[in-house]
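Residue numbering for the sequence shown follows our numbering, beginning at 352 and increasing consecutively. Note that CB positions come from ideal geometry on N, CA and C, so glycine has one too. Here the structure is a predicted model, which is why all the values come from computation and not from measurement.
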Amino acid sequence: MTSSGTQVAGGIGGANTRTQLLYPRAVDFDSASNSLIIANYGGHNVVRWILGATNWTLLAGRATGMPGSSATDLNYPMDVTLDSYGNLYVADT
């Protein structure tokens, strides 16, 4: 059995860099920006990956991949969604 597809975000490996994801948990599509909004569980952040881009931009949490407990930190985000007004909702553990 063979399969094929198109890679749109991340790659092989699990590094926490702007070109990789670390245990992505949930994805929502933002049609306004033609991008994926990704709950990057292992990276302790939420990122936007524009389709065709080679890296992501940070939306919430820390780019360093460190968890935290302050109002601006995330600790293993589980789910993410955008409403029709563009508001971002994150379920964090």
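Nearest-angstrom Cα separation, counted from residue j out to residue i
| i | j | result |
| --- | --- | --- |
| Trp407 | Ser420 | 23 Å |
| Pro375 | Leu439 | 17 Å |
| Gly437 | Gln371 | 25 Å |
| His395 | Thr368 | 12 Å |
| Val398 | Asp430 | 12 Å |
| Gly393 | Asn385 | 24 Å |
| Ala411 | Ala377 | 14 Å |
Residue i - containing beta strand (DSSP E), residue span
| i | result |
| --- | --- |
| Met429 | Pro428 to Leu433 |
| Leu439 | Leu439 to Asp443 |
Residue i versus the options, residue with shortest Cα-Cα distance
| i | options | result |
| --- | --- | --- |
| Asn426 | Thr432, Leu433, Asp434 and Met417 | Met417 |
| Ala383 | Ala377, Thr444, Leu373 and Asp434 | Asp434 |
| Arg309 | Ala390, Asp381 and Ala404 | Any answer about residue 309 is impossible in this case: the structure gives the chain only from 352 up to 444. |
Opposing strand residues paired with residue i [DSSP bridges]
| i | result |
| --- | --- |
| Ala390 | Ala377 and Val397 |
| Ala404 | Ala404 is not bridged to any residue. |
| Gly412 | Asn396 |
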